[in-house]
Amino acid sequence: MRAVSLLNDKVDLSELSDVDKICTLRNYKSAIDDIVYVAN
Numbered sequence: 004m005r006a007v008s009l010l011n012d013k014v015d016l017s018e019l020s021d022v023d024k025i026c027t028l029r030n031y032k033s034a035i036d037d038i039v040y041v042a043n
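Here the sequence shown is numbered in our numbering, starting from 4 and rising by one per residue.
Shown next as structure tokens:
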């Protein structure tokens with residue numbers, strides 16, 4: 004569920020600070036990890 008909401012948010016990375024970019028990318032990575040885990 005979390006992954007779907009993240010993908011629907013369509014974050015514009017150019018408007019984020021470097022720290023926010025890192026946090027956002029980490030959130031995407033954990034969401035992708037969740038998808039991979041569920042898929043297996």
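Backbone N, C-alpha and C fix where the C-beta goes; we use that ideal spot for every residue, glycine too.
* **Three-state secondary structure (DSSP) of Leu28** => helix
* **Straight-line gap, Ile35 to Arg29 (C-alpha atoms, nearest Å)** => So the alpha carbons of these two residues sit roughly 10 Å apart.
* Which value, in whole angstroms, describes the spacing of the CA atoms of Lys24 and Val41? -> 26 Å
* Asked: Relative to the ligand ATP, is the shortest distance from any of its heavy atoms to the C-beta of Asn30 smaller than 7 Å?
  -> Because no ligand of any kind appears in the structure shown, any question about the ligand ATP cannot be addressed here.
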